[in-house]
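Numbering (my numbering), first residue to last: 493 to 1424.
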């Protein structure tokens, strides 16, 4: 029996299985259809949805057609559990499926179904590599059904993005689609927009995106001149400060607090009266300098690459090239590492992942680890988590944790344990929490002369990420990896034959480039070449007829490949004749191939093997196709044999070198072993020096170990200890959840305002003329000015009255006061308003006539440009004010006030002021504008 979440009952499981039966009943009927007939059935479903607007009427047939297309293009048939997963995703829920259960394939089912609406579907992944890989892999399935597929990559321009977003299905990363959303809402023309209206999206590794990356908002920034000297000075000052004397550190909250002694010392060193002087504030620079020194560590939180600071994602271990820490922190780290300090930034637009994905009418997610965060998914995203059963029972053996007294002993024990596994041939995956730790264990393994592969956030390692992970299940393989090893590529016991085949082809091409000699026009064998290769090849290759005249190769199987290739191309007839093959007609193809780099060859393999782009007359295509088939067949046999050996050795052995802040990350690491019913095991090696234990309960553990009289070389092992560590992790998870929840609650206030601004802005962007809006803004302004003018008159505030009257006269382009104090006293508010409105209309018509005499239609362009500029400027200012308000509003809790409620009230007032500012500045801009 599978343990499902409370909300997902046994009855729900029965219902899902009934739905699967209905899909299976269609399989035999659809299996006999031709490709054309399948496309016709898909078009019929599209038309049916346009009429019914109901997916449930077409779900079973759509899923059945998708499965058949998968069988024909990918050679993969969806299991029943995968069909269940597809239904769960279509319902807009979070599907938890264990590693190796085929989540990428599962996603194709709801993707195709929802794409039939012709409104577009987004498949969101965590990085460019996975987006590209999944799009290239699954696109052949979608094309078979007649659906178009797009891909968004980091370096694409607007035209490419617009084209790819217009496809029925688009693969994109979470950051790219969110930044495109922000950029679209800053565009000045409809032609600049790249996104269409949101419809449905599936988020792969949903916990990574909606939980781990949701702690900080996405910000699109503009550059500002950075006060470099202040960052440098602050960095120098903090070198003379000591922890617990001049400042205290809160590692849980990643924050520092200056002590009274510290403030006094710093003011003395800087020779300033106060660090908090509003005209010359030093406190943010000092705080960031100390944070950079004590809380942000090289090779853990960031790396230095090409003289730049590059952030490392603390959850995935991946580098984040397009991100910078905000509020001066990134500049402080640059000062610390003595690299060029780049320009500062100001926020032009921002959005949290929570509110961004909630803007989709429907979205779903899939991951291998969602249950521990089910509360957050339900409360924040209103999404139910469904744990789906595995196709085969999970038999992985998760051993209890081992805790050592110090870190040195722990690492020595890990190295010795790995050596034991390596000697018997069992593959090992060692998970670490940072680059520094991964390189430490790597050096220990080198000392023991254990061959291993290292995978961390350093650029030289990232290039080989998929290859390293894919082959981590081979006999005797030892792989050291940071958290990034848990995403995107399955570890197959015995190795991945597909990855090995691609590598074999690349090796063959590289060998041919260096060692292959072509014959001259007369195809005569050069004696010098034969002499070099005589011992290896002359006895194996029959030197007669065409093959000898074409090519002398290092590998004797190349001869067989060439025969197959020639038979399948226009060159085939040469095999049975004595005609000589012309040099330029044949060798030219090889000369072209020899100029290809690795990326070009990999792309060719993708197109030929996965996308089916095989040109009958193209020799290079057939060369790669035949070689791929031969190598794949050989590698599959070898992998199967090796898998049986690894299974007997106990499968993949996963070693965790430290508990992470989140149980999900630990579970992701464990999940690398025991996929699809394979054997496997996992164990965590810990020490009292590890961050989690040190911050949350090291004293209690030390006391326990002393009472048990354990020496430093003997670990403590118990279920009680494991439960204690999980309790500590829950505390950290709760802390981070509160942080994300607080961010979400505060951003909800801004999000309501954001949606209002963006809706208005997008509507204006599509209007041919915004004259009615400009007039309406001017009228709104006049109404408020008239009320204010009358109030100052009633209160007998003459100086304010005349100041306001001058402002109104200047706005309306008058050289004299339009309304006199005594005149207003005898007028009603309605009469004052009518007078001002009539003058506004006259002034606006005159301004329009002025521009029309210069260039017809120019005023329409000026209106729209001015209005959009004022909206963007006011919104930028509003975000900055809201940030300051959010930082300071917490103090009101000391007055027994709810900070969130206060923020909502103050935020509303700010927004009203922002709207007034937009209206006033836009109409003012038009009325006072002049053509140069």
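Yeah, the Cβ is synthetic: ideal placement off N, Cα and C, and Gly gets one too.
All values reported here derive from a predicted model rather than from experimental measurement.
Exercise. Report all residues from its chain with a CB closer than 6 angstroms to the CB of residue 1309; omit the five preceding and five following residues, and keep chain order.
Key: 1297, 1301
Quiz prompt | residue 1159 burial status per 10 Å Cβ neighbour count (16 or more: buried) | solution = buried
Self-check item: Pick from 1169, 792, 583 that is closest to residue 927, judged by C-alpha positions
Solution: 792
Practice problem: Report buried or exposed for residue 699, applying the criterion of at least 16 other Cβ atoms within 10 angstroms of its Cβ. | Solution: buried
Quiz item: CA-CA distance, residue 823 and residue 800?
Solution: 11 angstroms
Quiz item: Buried or exposed: residue 616, going by 16 or more other Cβ atoms within 10 Å of its Cβ?
Solution: buried
Exercise. Measure the alpha-carbon distance for residue 1077 versus residue 1001 and round it to whole angstroms.
Key: Because the pLDDT at residue 1077 is just 45, under 50, the model does not fix this residue reliably, and the value given afterwards should be weighed accordingly. Straight-line Cα distance between these residues: approximately 20 angstroms.
Quiz item: At a cut of 8 angstroms, does the segment 898 to 909 reach the segment 604 to 615 through at least three beta carbon pairs?
Solution: no
Self-check item: Neighbourhood of residue 603 by C-beta distance below 7 angstroms, restricted to the same chain and skipping five residues each side
Solution: 613, 615, 661, 694
Quiz prompt | residue 971, DSSP secondary structure in three states | solution = strand
Quiz item: How about the segment 575 to 588 and the segment 865 to 884: do they share at least three Cβ pairs that are nearer than 8 angstroms?
Solution: yes
Practice problem: May I ask you to verify whether the segment 1355 to 1373 touches the segment 1258 to 1270, counting CB pairs closer than 8 angstroms and requiring at least 3? | Solution: yes
Practice problem: Work out the CA separation of residue 1230 and residue 706 for me, nearest whole Å. | Solution: 12 angstroms
Quiz item: So is residue 1021 buried or exposed if we call it buried at 16+ other beta carbons inside 10 Å?
Solution: With a pLDDT of only 37 at residue 1021, under the threshold of 50, the placement of this residue in the model should not be trusted, and no figure is reported.
Quiz item: Does DSSP put residue 1035 in a helix, in a strand, or in coil?
Solution: Confidence at residue 1035 is low in this model, with a pLDDT of 42, below 50, so its placement is unreliable and the value that follows should be read with caution. Reduced to three states, the DSSP call for residue 1035 is coil.
Quiz prompt | Among 1248, 757, 767, 789, nearest to residue 722 - alpha-carbon criterion | solution = 767
Quiz item: For the alpha helix (DSSP H) that residue 1342 lies in, which residues bound it at each end?
Solution: 1321 to 1346
Self-check item: Simplified DSSP state of residue 505, which is helix, strand or coil
Solution: helix
Quiz item: When the Cα atoms are used, what is the spatial distance from residue 874 to residue 998?
Solution: 48 angstroms
Quiz item: Would the beta-carbon of residue 732 fall within 9 angstroms of that of residue 687?
Solution: no
Practice problem: Note down, in chain order, each residue of its chain lying with its Cβ closer than 7 angstroms to the Cβ of residue 1410, except the 5 sequence neighbours on either side. | Solution: 1362, 1363, 1366
Exercise. Have a look at residue 1062 and residue 568 and give me their C-alpha separation to the nearest angstrom.
Key: Bear in mind that a pLDDT of 48 at residue 1062, under 50, signals an unreliable position, so the number given afterwards is only what the model happens to contain. Roughly 33 angstroms separates the two Cα atoms.
Quiz prompt | Helix, strand or coil at residue 510 [DSSP, three-state] | solution = helix
Exercise. Give the DSSP-derived three-state secondary structure of residue 1179 in the structure shown.
Key: strand
Exercise. Indicate whether the contact test is met: 3 or more Cβ pairs, each with one atom in the segment 843 to 856 and one in the segment 733 to 749, closer than 8 angstroms.
Key: no
Quiz item: For residue 934, does the three-state DSSP call read helix, strand or coil?
Solution: helix
Quiz item: Do you know whose CA, among 1380, 1321, 1269, lies nearest residue 1417's CA?
Solution: 1269
Quiz item: With burial defined as no fewer than 16 other Cβ atoms inside 10 Å of the residue's Cβ, what is the status of residue 858: buried or exposed?
Solution: buried
Quiz item: What's the gap between the Cα of residue 788 and the Cα of residue 736?
Solution: 18 angstroms
Quiz item: Cβ atoms of residue 575 and residue 1427: under 9 angstroms apart, would you say?
Solution: What the structure shows of the chain is the stretch from 493 to 1424, and residue 1427 is not part of that stretch, so it cannot be assessed.
Self-check item: Cβ separation of residue 1429 and residue 1134, assumed to be a contact under 8 angstroms, to the nearest whole Å
Solution: With the chain represented from 493 up to 1424, any question about residue 1429 goes unanswered, as that position is not in the structure.
Quiz item: Just how far apart, CA to CA, sit residue 1243 and residue 551?
Solution: 34 angstroms
Self-check item: Short Cβ contact (9 angstroms threshold) for residue 981 with residue 1120
Solution: no
Quiz item: Taking the C-alpha atoms as reference points, what is the distance between residue 1246 and residue 1371?
Solution: 10 angstroms
Quiz item: Can you list, in chain order, the residues of its chain whose CB lies under 8 angstroms from that of residue 648, leaving out five sequence neighbours each side?
Solution: 656
Quiz prompt | For residue 666, the three-state DSSP class (helix, strand or coil) | solution = helix
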